[in-house]
Amino acid sequence: MPVEVGAINGSSPKQSVSAAPGAMAKDTFLKILVAQLSHPDPFAPQDPGAFVTEMAQIALLEQLLNLSARMESLYRVEALSQAAGVIGREVVVANGSEVVTGTVEKVVVDREKVCLVIGGNRYDVANLVEVR
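In the UniProt record's numbering, the protein residues as written are 1 to 132.
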């Protein structure tokens with residue numbers, strides 16, 4: 001489900017942003033569950049124990065999704081914090097088959113990845129080979 005995001009002053013084109021896949025799966029699952037509970041089959045009544053088990057599983061699923069989102073956020077903050085420690089230092093970064101050496105100008109988050117900016121170009125911090 002894309003969401004349109006535009007600049008405040010309107011000078012740049014709009015960009016599409018998709019919702020997180022986990023959120024979509026959870027919403028779909030809950031809609032199906034609500035439909036099942038709203039329209040029970042009179043010829044096959046549900047066991048009360050099975051209903052309680054399903055509700056417990058739903059609560060567990062929601063908590064796991066929340067924990068996963070928090071862990072991803074914590075990972076990004078930690079990676080950004082560690083990468084900030086190399087600002088102004090000379091580093092070696094692997095860029096495909098070539099190796100780039102230069103001074104880190106700044107650190108940015110680009111599409112959920114922490115990147116080092118060297119000579120105006122962005123390199124994924126995961127490709128950092130050496131700090132001098």
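Cβ coordinates follow ideal geometry from the N, Cα and C atoms, glycine included. Note that this is a predicted model, so its numbers are computed, not measured.
Check each candidate in F43, M55 and L128 and name the one with the smallest Cα separation from V86. As a working note, residue 86 is residue 86 in the sequence shown. The residue with the shortest Cα to Cα distance from V86 is L128.
Going by DSSP, what residues sit across from E78 in a beta bridge? Taking the first residue of the sequence shown as position 1, residue 78 is located at position 78. DSSP lists no partner for E78.
Within 10 angstroms of the Cβ of S12, are there 16 or more other Cβ atoms? Answer buried if so, exposed if not. Working through the sequence shown from its first residue, we reach residue 12 at position 12. At S12, the pLDDT of 45 sits below 50, so the modelled position is not reliable; the number obtained from the coordinates is stated separately. With fewer than 16 Cβ atoms within 10 Å of its Cβ, S12 is classed as exposed.
To the nearest angstrom, how far is it from the Cα of R76 to the Cα of V34? Taking the sequence shown and counting its residues from 1, the one referred to as residue 76 is at position 76. Taking the sequence shown and counting its residues from 1, the one referred to as residue 34 is at position 34. Going by the C-alpha atoms only, they are around 35 Å apart.
Straight-line Cα distance separating F29 from S97: Taking the first residue of the sequence shown as 1, we reach residue 97 at position 97. Taking the first residue of the sequence shown as 1, we reach residue 29 at position 29. Answer to the nearest angstrom: the Cα atoms are 44 Å apart.
Please go through the same chain and pick out, in chain order, the residues whose beta-carbon is closer than 8 Å to the beta-carbon of residue 157, but skip the five residues on each side of it. The structure shown has nothing for residue 157, since the chain only spans 1 to 132.
Residue range of the unbroken beta strand (DSSP E) whose run includes E112: In the sequence shown, the residue the question calls residue 112 occupies position 112. No beta strand (DSSP E) holds E112; DSSP gives it neither H nor E.
Counted within 10 angstroms of its Cβ, other Cβ atoms place Q108 as buried (16 or more) or exposed: If you number the sequence shown from 1, residue 108 lands on position 108. It should be noted that the sequence gives Val, not Gln, for residue 108. V108 is exposed by the Cβ-count criterion.
How would you label I32, buried or exposed, when you count the other beta carbons within 10 angstroms and need 16 or more for buried? Taking the first residue of the sequence shown as position 1, residue 32 is located at position 32. The residue is exposed, with fewer than 16 neighbouring Cβ atoms inside 10 Å.
V91 to K113, Cα distance in whole Å? One-based indexing of the sequence shown puts residue 91 at position 91. One-based indexing of the sequence shown puts residue 113 at position 113. If you take the alpha carbons of V91 and K113, they lie about 18 Å apart.
Under 8 Å by Cβ, that's how I've got R89 and V104 pegged, so tell me the actual separation to the nearest angstrom. The count along the sequence shown starts at 1 and reaches residue 89 at position 89. The count along the sequence shown starts at 1 and reaches residue 104 at position 104. Taking the Cβ atoms as the reference, R89 lies roughly 6 Å from V104, within the contact range of under 8 Å.
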